[in-house]
Every structure is written in structure tokens, then in C-alpha cells.
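2 protein chains.
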Amino acid sequence: MRYHKIPDETIKRLPRYMRALLLLIKEGRETVSSGKFAELLRANPPQIRKDLSYFGAFGTPGVGYDTKRLFGQIQAILGLDSTPKAALVGLGNLGTALLKYPGFKAYGMHITAIFDSNPEKIGETVGDIKVENVLELSTLKGRNMSLGIITVPAPAAQEIADQLIAAGVNGILNFAPYYLKVPEHVKVITIDIAMELARLTYYLPTKT
Amino acid sequence: MRYHKIPDETIKRLPRYMRALLLLIKEGRETVSSGKFAELLRANPPQIRKDLSYFGAFGTPGVGYDTKRLFGQIQAILGLDSTPKAALVGLGNLGTALLKYPGFKAYGMHITAIFDSNPEKIGETVGDIKVENVLELSTLKGRNMSLGIITVPAPAAQEIADQLIAAGVNGILNFAPYYLKVPEHVKVITIDIAMELARLTYYLPTKT
DNA sequence: TGGTCTTTGTGAATGCGTACTCAATCACTA
DNA sequence: TAGTGATTGAGTACGCATTCACAAAGACCA
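So the sequence lines, in the order shown, correspond to chains A and B.
Take any residue in the first sequence, note its place counting from 1, add 10, and you have its number in this note's numbering.
Take any residue in the second sequence, note its place counting from 1, add 10, and you have its number in this note's numbering.
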């Protein structure tokens, strides 16, 4: 199974595995079986084993998986071991919330540039990053930035995306409710929060 | 096909359809064919037709779908026509960002209660909603609230969820990076932003 | 060192969702 | 009112993902 095509759904689950592993490591657990792991994630054991087997044999029969080693291996699979650098555009409430999110560093990722259009914000420092003028987005080019996070209003999203791509970014996390048009080689993940909430109502019991 | 089980993936797409329809309605379009609609959403026509056909026949052959009527119908399917009320717990940056999000009202949804633990925020009004003390979360009980949005730090999430459920909420949108334990009848959707970003790196070209 | 127990890794089967195709349907026109 | 053109609705086939079940493999103990 080692060199086959990997299901997209498997990739989606890998970060979840990382998070659970972080917890186990913090608890001091050295190894974990697929059974225990599945329980923690509310998934089923065979799926976890299959997911991991796509990438090789990580566990030892009779014992389970080495938590620290597995964490490192998943990190490597996802390409997080090289600590990719991300640029955040749009320092509104959402952008600010993202910067404070503890999760990013845990996964091995760094937001190393911030852009905004508000003159009051430009020049400020958030954490240890200086907020730059969004008009100077092109200066990103030489800075080896591989990811972009867009938290600007919908009408500006496409323009920002174009500029990020021109600066060499090839992965975009988009929070604007807008379908970005991007070249083939750029991967976009859009999170539309309102959409998720809208979906939620479908599952409610009394639909009167 | 009318009374069969509906794929979960279809439900996930319905809000997207609503958003696209909103755009078309704003443009003044009365009808739209599955072909045009698919182009707009970067999907393929048969899928859209099949998705809609699960719920009945909404289109007219030779013409397409009536934009306004379809919008209303999807809204009804999702249970958004009764404008469900949502309570937001946690007025941090993320919570504030959500309140400003223009999407909610468009879908037919209302955040009608806000709770926080910060004494400085309690008593304030955001929009026209007064911020209440999170310790008084139990007062929600009689207020006919069907949804809860959790934007508090991970350690507090489970406690808040329990209280929301006790108050009669049966759908929760959870932004805390924590797996909530909830009764069978409660639906939880968890959005973990860091996880999405972590996934993104997998698709980047040069994994050195 | 041999046996037992636990747990992995994976081939096979099942089930679900997507894509295709075409007949039925409706609007429009003369 | 009959013919034409466009577009839907759904039956069918395909492909992907999940689940199952079991053989292979390592750890532990006597």
C-alpha cells in the first residue's frame, strides 16, 4: 500500500492525529495503540491503521505507535517539519484572533509577516512582527513565504490572492466568502464560517 | 429519489448554493440553469441537479431554476426559514469577528445572546445585544435558543457546552480545539483553523 | 528458547458518493 | 396547436473511501 495514491480524506485526518498525539505526549505516554488512539479521537481503529499504513509502517506489533516518533513522522508527511512561513493579510478581529491561536506553533508553523490597510495599524508590532502596508505586499517576493492567510473583506480577497501568488505563495487559507480564481499550482482552502453554521441547523430536530 | 437518505456531502453543499444564489439574485437574474450555476460554483452540472433532486423537483425543463424560489427552498430544507436563534459564548477576537460577519443574517440566522467572563465586557452592548455574564448561562433556558457558538479557550469548552445543552441548545459550532463529549441528539461541528492550515502545507510543491 | 498474547499491516468486501447519459418535460414560436 | 430547442430528473455505472477480518510480527514471560 505504500506507493499508492493517498485519499484526500486521510490528509484531512492527519492534523487531527497530530493534535491528539500532542495531548498524549504532554501526558507522558510513550506509546499508544490504534485502539486507544481511536477512542481518544472518536474514530475506529482500522481507519487509523490504514491511514498511517499509506505512508509506511510506523508501529510495532504488540506495542503500538511511539507517540513522539509518530508525531514527527506525520509532521514530515504534511511538510511541517520545515516550519513553513505564512503571511497574514488583514488584521481585523479575525486576523488578530488567528495570531493569538496557540495551535499554529504546536504544528510547526510560523506567521512571519502581517499586512493591513489601516494606517493606524501599520507600523505597530503584534507579538514581534511589524505590521506592514498592504500596498507593499509585493515586497514579500524575496522572503521565502509559502503560505498566505486572507482575512480581508470579500471584495478585496481576489486582489490580495493575486498579489500573494505573484510573491511566490502557493497555498492560501481564505476566510473571505468568495471563490478565488487561482492558477493550477496554487492550493486554496476556504473556510466560510457562516456556511458551517447554516449547515448545523439541518440537523436540529424540530423543523417546523 | 425523493424519499431516500440524503448524503452528508449534499448538505454541506447547500449553503454554498445559497450563497451563489444570493449573488445571482443581487444581479437581478430570475432563473439559472444547472450549467451556469455549476460554472459559478466551479462544480459540475449533474451534481447540482442530483443534489437538488433529492428534495424534489425545483426546476423547470428548458428554463432552469427560479433563483428566488430555489433560495427559499434551500433555506427551508436547512431549517433556516424559521430564523433559528444562536447564543455566542466568548467575546474574544474570534467572537467579535463572528458578530461582524455579514454572512449570518443573509442565511437567515440570528445571534441573539452573548456571554463572556470578562467583567469589563459584561454589560456592554454589541450591535443591540447586551453582553451577559457567562456564570448566568443557565438563564438561557426559557429563551428558545437552538444553537450555540463556542469561542472560548479549549479548557473551558466542555463546561460551556454542557451548560448550553442543559439550556436546550441542540446544535453547537465549536471553535475550541477540543473534542466535545455531547449526548446523542446534539450535533457538533468543530472548526479548527490551525488544522486546516496544517493540511494546506501537504499540497505545497517542494517538500524539502 | 519456546509459547502466548497483543497489536499491527493489508487484501478483500462493502457501502457511499460522484459522474454519466438519456428519456421526459416545459417554454417558446409560428 | 404542433414542432423545436433547451434543460431537467433520475436510473445506472463507476470509483473512491471505509470497514472488516486475518495473517504476520514483535514483546513478554516462564
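C-beta: ideal position from N, C-alpha, C; glycine also.
Alpha carbon of residue i to alpha carbon of residue j, nearest angstrom
{"i": "A:Ile139", "j": "A:Pro71", "result": "46 Å"}
{"i": "B:Thr211", "j": "A:Pro25", "result": "11 Å"}
{"i": "A:Ala164", "j": "A:Gly74", "result": "47 Å"}
{"i": "B:Gly45", "j": "B:Asn54", "result": "7 Å"}
{"i": "A:Lys15", "j": "B:Leu147", "result": "48 Å"}
{"i": "A:Ile175", "j": "A:Leu98", "result": "13 Å"}
{"i": "B:Phe185", "j": "B:Val162", "result": "8 Å"}
{"i": "A:Glu49", "j": "A:Arg39", "result": "15 Å"}
{"i": "A:Asn128", "j": "B:Gly102", "result": "21 Å"}
{"i": "A:Pro17", "j": "A:Gln57", "result": "12 Å"}
{"i": "A:Pro193", "j": "B:Met205", "result": "24 Å"}
{"i": "A:Gly82", "j": "B:Gly105", "result": "33 Å"}
{"i": "A:Ile35", "j": "B:Thr93", "result": "44 Å"}
{"i": "A:Ile21", "j": "A:Lys115", "result": "19 Å"}
{"i": "A:Tyr226", "j": "B:Ile84", "result": "No statement about residue 226 of chain A is possible, as the shown extent of chain A runs from 11 to 218 and does not include it."}
{"i": "B:Pro215", "j": "A:Tyr117", "result": "19 Å"}
Contact under 8 Å by Cβ, residue i with residue j
{"i": "A:Leu80", "j": "A:Leu33", "result": "no"}
{"i": "B:Lys197", "j": "B:Gln168", "result": "no"}
{"i": "A:Leu62", "j": "B:Met119", "result": "no"}
{"i": "B:Lys95", "j": "B:Asn180", "result": "no"}
{"i": "A:Arg239", "j": "B:Ile199", "result": "The structure shown has nothing for residue 239 of chain A, since chain A only spans 11 to 218."}
{"i": "A:Leu109", "j": "A:Gly137", "result": "yes"}
{"i": "B:Phe65", "j": "B:Ile87", "result": "yes"}
{"i": "B:Ala107", "j": "A:Ala123", "result": "no"}
Of the listed residues the options, nearest to residue i (C-alpha basis)
{"i": "B:Lys151", "options": "B:Gly45, B:Ile132, B:Asp172", "result": "B:Asp172"}
{"i": "B:Gly113", "options": "A:Thr161, A:Tyr27, A:Asp202", "result": "A:Asp202"}
{"i": "B:Tyr27", "options": "B:Thr77, B:Leu174, B:Pro193", "result": "B:Thr77"}
{"i": "A:Gly100", "options": "A:Asp18, A:Gly158, A:Arg29", "result": "A:Gly158"}
{"i": "B:Gly178", "options": "B:His195, B:Ala186, B:Tyr189, B:Leu51", "result": "B:His195"}
{"i": "B:Leu90", "options": "B:Ser43, B:Ala186, B:Glu19, B:Ser156", "result": "B:Ser156"}
{"i": "A:Ile121", "options": "A:Leu50, A:Leu214, A:Ile160", "result": "A:Ile160"}
{"i": "A:Arg52", "options": "B:Thr93, B:Tyr188, B:Leu183", "result": "B:Tyr188"}
{"i": "B:Asp126", "options": "B:Thr41, B:Ala166, B:Ile84", "result": "B:Ala166"}
{"i": "B:Ser43", "options": "B:Arg59, B:Val144, B:Ala107", "result": "B:Arg59"}
{"i": "B:Leu145", "options": "B:Ile170, B:Thr135, B:Leu183", "result": "B:Ile170"}
DSSP bridge partner residues for residue i (one or two, in chain order)
{"i": "A:Phe125", "result": "A:Val99, A:Glu142"}
{"i": "B:Leu157", "result": "B:Ala96, B:Gly181"}
{"i": "B:Thr70", "result": "B:Gly74"}
{"i": "B:Lys46", "result": "None; B:Lys46 has no bridge partner."}
{"i": "B:Lys197", "result": "B:Gly181"}
{"i": "A:Thr135", "result": "A:Lys140"}
{"i": "B:Thr41", "result": "B:Asp76"}
Residue-level contact to chain A via CB, residue i, 8 Å cutoff
{"i": "B:Asp202", "result": "yes"}
{"i": "B:Asn184", "result": "no"}
{"i": "B:Lys22", "result": "yes"}
{"i": "B:Arg39", "result": "no"}
{"i": "B:Phe114", "result": "yes"}
{"i": "B:Gly181", "result": "yes"}
{"i": "B:Thr211", "result": "yes"}
{"i": "B:Met205", "result": "yes"}
{"i": "B:Arg52", "result": "yes"}
C-beta neighbour in chain B for residue i, strict 8 Å
{"i": "A:Ser127", "result": "no"}
{"i": "A:Arg12", "result": "No answer about A:Arg12 holds up, because its pLDDT of 45 lies below 50 and its placement is not dependable."}
{"i": "A:Lys110", "result": "yes"}
{"i": "A:Glu19", "result": "no"}
{"i": "A:His120", "result": "no"}
{"i": "A:Leu104", "result": "yes"}
{"i": "A:Leu88", "result": "yes"}
{"i": "A:Met28", "result": "yes"}
{"i": "A:Thr135", "result": "no"}
{"i": "A:Pro55", "result": "no"}
{"i": "A:Ile124", "result": "no"}
{"i": "A:Tyr117", "result": "yes"}
{"i": "A:Ile199", "result": "yes"}
Proximity test, residue i beta-carbon vs the ligand MG heavy atom, cut-off 7 Å
{"i": "B:Gly118", "result": "Questions concerning the ligand MG fall outside what the structure shown contains, since it holds no ligand whatsoever."}
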